[in-house]
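First residue of the sequence shown: 1146, per the numbering used here; consecutive thereafter.
For reference, the structure is listed below as structure tokens.
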Amino acid sequence: MLPSQTFPPPSTGKNLGRGEGGKGLKVGIVGGGRLGSSLLRGLLRAGFPQSELMVCERDEERAKNLSLQFGVGVVKECGPLLENSEVIFIAVKPKELEGVLEEMEGKVEGKIVLSCVAGVPLERMEGRLKGARVFRLMPNLACSVGEGAMVYSSGTGGEEERRKVEGLLEKLGKPLEVPEEKMDVVTALSGSGPAYFSLVIQALAEAAEELGMPRKEALKLASQTAKGTGKMLLELELEPEELIRMVASPGGTTEAALGELERGKVFEAFKRALRVAWKRAGELG
């Protein structure tokens, strides 16, 4: 099969609509792995038109699956995507970045490029992608359901490009701009965060299962509790300590459970885990 093989979108009969703010904005996603497919799923879920999305994925089997599952055009080489997209997400692993940059050099002048590659500074991206409006982005996989923490740093993009980026990221979750020097912390906190919370949910659900609750119900309860807790902290603007005090009555079940977690030094273990992730993020660039 030729390396330029293209998988056009199948006829799905779906009418996903344009969605406010998506009008005329053509988006390309370089990389169709977990993050790339999550970005794609989130944009489609928000009503972004299939016809204005394109993915570059070199793995033939994955490319076919993306085309069939999502009904978008998928290419194995970046050329068509770069030519037809106004905004380009780079969603590849750090070890794959060099090959992508070689394909993109000289072809993205005036375009908005959102680099999701962990640990790679804006300076490196801007040095290779001359004339592009480059932003550094750290999303997380919750963008697939419109609840991503979409943290970005502006590089060569001006105010007009920043507004476009914010409008696009709002379709995927909550955008937040931070100075670039904070991005490694962001990577460790919200980029890796879904795995931390999933581990907590897994532990709670398994404990409930051992006590006789069906696994499916235990997972649903633990997940809903995590979702509701986050929503309370955000919408009521509570400090975590406040919410803990609201739940933990003296001598009650919550106080007993928190005492066991304290004896296990769980709080400190999470802090150490975040520091290790932060250090690793700095090494990736």
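All C-beta atoms, glycine included, are put in the ideal place defined by N, C-alpha and C.
Which residue from the options puts its Cα closest to that of residue i?
| i | options | result |
| --- | --- | --- |
| Gly-1312 | Gly-1291, Thr-1301 and Asp-1329 | Gly-1291 |
| Glu-1202 | Gln-1195, Ile-1257, Lys-1327 and Val-1237 | Val-1237 |
| Ala-1277 | Asp-1204, Val-1345 and Met-1249 | Met-1249 |
| Ser-1182 | Ile-1346, Thr-1398, Ala-1367 and Gln-1214 | Gln-1214 |
| Leu-1388 | Gly-1396, Gly-1375, Cys-1223 and Thr-1398 | Gly-1375 |
| Ile-1233 | Ala-1191, Glu-1241, Gly-1255 and Gly-1216 | Gly-1255 |
| Ala-1186 | Leu-1282, Leu-1344, Ser-1212 and Glu-1205 | First, the residue type needs correcting, since residue 1186 is Arg and not Ala in the sequence shown. Checked all of Leu-1282, Leu-1344, Ser-1212 and Glu-1205; the closest Cα to Arg-1186 is Ser-1212. |
| Ser-1230 | Glu-1362, Leu-1170, Arg-1408 and Ala-1348 | Leu-1170 |
| Pro-1339 | Glu-1322, Glu-1354 and Ala-1371 | Ala-1371 |
| Ile-1235 | Leu-1180, Leu-1314 and Gly-1224 | Leu-1180 |
| Gly-1216 | Leu-1344, Pro-1194, Met-1358 and Asp-1204 | Pro-1194 |
| Leu-1184 | Gln-1369, Glu-1315 and Arg-1408 | Glu-1315 |
Using the Cα positions of residue i and residue j, report the straight-line distance between them to the nearest angstrom.
| i | j | result |
| --- | --- | --- |
| Gly-1167 | Ile-1174 | With a pLDDT of 46 at Gly-1167, under the threshold of 50, the modelled position of this residue cannot be trusted, and the question is left open. |
| Met-1295 | Phe-1280 | 12 Å |
| Ala-1422 | Leu-1403 | 25 Å |
| Pro-1284 | Ala-1418 | 19 Å |
| Gly-1300 | Pro-1324 | 10 Å |
| Phe-1342 | Gly-1336 | 12 Å |
| Gly-1244 | Lys-1252 | 14 Å |
| Glu-1197 | Lys-1365 | 35 Å |
| Ala-1367 | Ile-1346 | 6 Å |
| Leu-1383 | Gly-1373 | 13 Å |
| Leu-1378 | Gly-1224 | 45 Å |
| Arg-1483 | Ala-1348 | Summary: the structure shown does not reach residue 1483, with the chain confined to residues 1146 through 1430, and so no result is reported for it. |
| Glu-1268 | Lys-1309 | 21 Å |
| Ala-1363 | Phe-1412 | 23 Å |
| Ser-1242 | Asp-1204 | According to the sequence provided, residue 1242 is Leu. The question's Ser does not apply to it. Cα to Cα, the separation comes out at about 15 Å. |
| Arg-1190 | Pro-1395 | 45 Å |
| Glu-1386 | Leu-1406 | 15 Å |
Please work out which residues of its chain come closer than 7 Å, Cβ to Cβ, to residue i, disregarding the five sequence neighbours upstream and downstream, and give them in chain order.
| i | result |
| --- | --- |
| Ala-1426 | Ala-1263, Gly-1264, Asp-1329, Thr-1332 and Ala-1333 |
| Arg-1273 | Leu-1246 and Glu-1250 |
| Val-1220 | Thr-1151, Met-1199, Cys-1201 and Leu-1226 |
| Thr-1398 | none |
| Ala-1208 | Phe-1152, Gly-1177, Glu-1202, Val-1219 and Lys-1221 |
So, does the CB of residue i fall closer than 8 Å to a CB anywhere in chain D?
| i | result |
| --- | --- |
| Ala-1426 | Given the protein chain composition of this structure (a single chain), no chain D is represented. |
Can you say whether residue i is buried or exposed, counting buried as having 16 or more other CB atoms within 10 angstroms of its CB?
| i | result |
| --- | --- |
| Ala-1350 | buried |
| Gly-1177 | buried |
| Gly-1218 | buried |
| Met-1391 | exposed |
| Leu-1381 | exposed |
| Phe-1099 | Absent from the structure is residue 1099, since the part of the chain shown begins at 1146 and ends at 1430. |
| Ser-1289 | buried |
| Ala-1352 | exposed |
| Leu-1356 | exposed |
| Leu-1344 | exposed |
| Gly-1303 | exposed |
Please go through the same chain and pick out, in chain order, the residues whose beta-carbon is closer than 8 Å to the beta-carbon of residue i, but skip the five residues on each side of it.
| i | result |
| --- | --- |
| Pro-1239 | Val-1262, Ala-1263, Gly-1264, Val-1265, Leu-1429 and Gly-1430 |
| Leu-1321 | Ala-1294, Met-1295, Val-1296 and Tyr-1297 |
Leaving out five residues before and five after residue i in sequence, what residues of the same chain have Cβ atoms less than 6 Å from its Cβ?
| i | result |
| --- | --- |
| Met-1199 | Gly-1173, Gly-1218 and Leu-1226 |
| Leu-1282 | Leu-1259, Cys-1261 and Tyr-1297 |
| Arg-1420 | none |
| Ile-1257 | Val-1232, Arg-1278 and Glu-1306 |
| Gly-1293 | Pro-1284, Asn-1285, Ala-1287, Leu-1317 and Gly-1318 |
| Lys-1424 | none |
| Gly-1409 | none |
| Glu-1400 | Ala-1393 |
| Glu-1271 | Val-1279, Gly-1300 and Thr-1301 |
Shorter than 7 Å, the distance from the beta carbon of residue i to the closest heavy atom of the ligand SAM, or not?
| i | result |
| --- | --- |
| Ala-1236 | Absence of the ligand SAM is noted for the structure shown, with no ligands found whatsoever. |
Review point. Which ranges would you report for the alpha helix (DSSP H) in the region 1338 to 1376 if only whole runs of at least 4 residues count?
Key: The alpha helix (DSSP H) runs lying completely inside the region 1338 to 1376 and spanning 4 residues or more are 1338 to 1355, given in chain order.
**Study point:** Every unbroken alpha helix (DSSP H) within the region 1185 to 1271, with a cutoff of 4 residues, ordered by chain
**Key:** 1205 to 1215, 1224 to 1229 and 1242 to 1249
Check your understanding: Which runs of the beta strand (DSSP E) fall wholly inside the region 1393 to 1423 and span at least 3 residues, in chain order?
Key -> none
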